[in-house]
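The sequence shown maps to residues 726 to 999 in my numbering.
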Amino acid sequence: MAQTPVGRTPFDGIYLRPDPRAYFGGLGRFGYQTPHHAQSVFRRLVAARSGTVLDLCCSYGVNAALLNHHLTLDDLYARYTAPWATELEVADLVEQDKEFYASRRRDDAVPVVGVDISAPAIEYAVAVGLLDAGFTENLETGPASPALVKAAGAVSLITVTGGVSFLSARTFHQLLSAATEPPWVAAFVLRTGSYRHIADALAEHGLVTEADAEHTVVQRRFTDLDEQRYAVAAVTATGADPTGRETEGCFHATLHLSRPPRDLTIPYNSLTNT
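The structure is reproduced here in structure tokens:
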């Protein structure tokens, strides 16, 4: 996938651990919260569009945890940064997490397939039961495996909360070409870049993309002033105004929802209010 944009702080190392403790510890210091905003949205989308969910750039299955369990993002931060958790061996944490998630499973839980380039993250999410299937594949550089193509065939909703900056039309073309029926695509997109190239690709598969540029959600705080300067300049370059958002110290994201024309009878705002 693409490199982290110059000027933005990379967090690559937190995705290479065998469990999510470094993920929550590292991002928690900067108040990362996109999955929190996505939780209620994704539940409404699943209620309107039943079926299997495919979470792109799924990392340790955080979106699956929030979608299918009686949990909040704050619950996960508290769990994985607690002193007792830091002392556990990985195998012991995995065993405890199996029970933790199983005991909090919602009655309306849906199958979730995860795709990410981090093998440790995928392996953990599958091992503890957050993902029904996981694929360590980079669709930006190669074709989807036959197994992923088969899994994507049953998908009704594709979600992305933290990876659009690293994706191009290539990934979405492969997934939508494999789908039996056109899935909905819900993506939280940082205002530092454009979603146009992906929206155009989705349109080739018959999907109409809607977004409310005036309604944004906080992603996380900037790590330093250099990162803030980068974000303010990048947002300005897209033609948007960073005043009151990025100028106040945080990345902001906009939700883009893509659907077949026949499904547009359900108002965007009724599905996406966060």
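Note that CB positions come from ideal geometry on N, CA and C, so glycine has one too.
Tell me the residue span of the alpha helix (DSSP H) that contains histidine 977.
No alpha helix (DSSP H) holds histidine 977; the beta strand (DSSP E) holding it covers 975-984.
Looking at the unbroken alpha helix (DSSP H) that takes in glutamate 906, where does it start and where does it end?
Where glutamate 906 is concerned, there is no enclosing alpha helix (DSSP H), given that its DSSP letter is neither H nor E.
Nearest to isoleucine 847 by alpha carbon, out of Asn994, Leu781 and Leu980?
Ranking the options by Cα distance to isoleucine 847, first place goes to Leu781.
Run through DSSP, which three-state label would arginine 769 get?
Three-state result, arginine 769: helix.
Measure the C-alpha to C-alpha separation of tyrosine 826 and alanine 807 and round it to an integer number of angstroms.
Distance between the alpha carbons of tyrosine 826 and alanine 807: 17 Å.
Report the option in Ala956, Gly867 and Gly750 whose CA atom is closest to the CA atom of cysteine 975.
Looking at the Cα atoms, Ala956 is the closest of the given residues.
Assess contact between the stretch 820-840 and the stretch 793-812, defined as three or more Cβ pairs (one per stretch) separated by less than 8 Å. Is contact present?
Counting Cβ pairs under 8 Å, three or more are found: they touch.
First and last residue of the beta strand (DSSP E) that includes glutamate 935?
Glutamate 935 -> beta strand (DSSP E) spans 933-936.
May I ask you to report which of helix, strand or coil DSSP gives valine 778?
In the structure shown, valine 778 sits in a strand (DSSP, three-state: E or B).
State buried or exposed for threonine 759, treating a residue as buried only when at least 16 other CB atoms are found within 10 Å of its CB.
Buried, because 16 or more other Cβ atoms sit within 10 Å of the Cβ of threonine 759.
Please state the DSSP three-state secondary structure of glutamine 953.
The answer is helix: DSSP assigns glutamine 953 an H, G or I state.
Taking glutamine 821 as part of the alpha helix (DSSP H), name the residues at either end of that continuous run.
Looking at the DSSP string, the run of the alpha helix (DSSP H) that includes glutamine 821 is 815-827.
To which residues of the same chain is glutamate 906 closer than 8 Å at the C-beta, ignoring the five residues directly before and after it?
If we look at glutamate 906 and ignore the five residues flanking it on each side, its Cβ neighbours are Ser881.
Is arginine 746 buried or exposed, if buried means 16 or more other CB atoms sit within 10 Å of its CB?
So arginine 746 counts as buried.
Relative to the C-alpha of leucine 676, which candidate in Arg895, Gly786 and Arg768 has its C-alpha closest?
Nothing about residue 676 can be reported from this structure: the residues present for the chain run from 726 to 999 only.
Is DSSP giving valine 835 helix, strand or coil here?
In the structure shown, valine 835 sits in coil (DSSP, three-state: anything other than H, G, I, E or B).
Alanine 965 by DSSP, collapsed to three states: which one?
Coil at alanine 965, not helix or strand.
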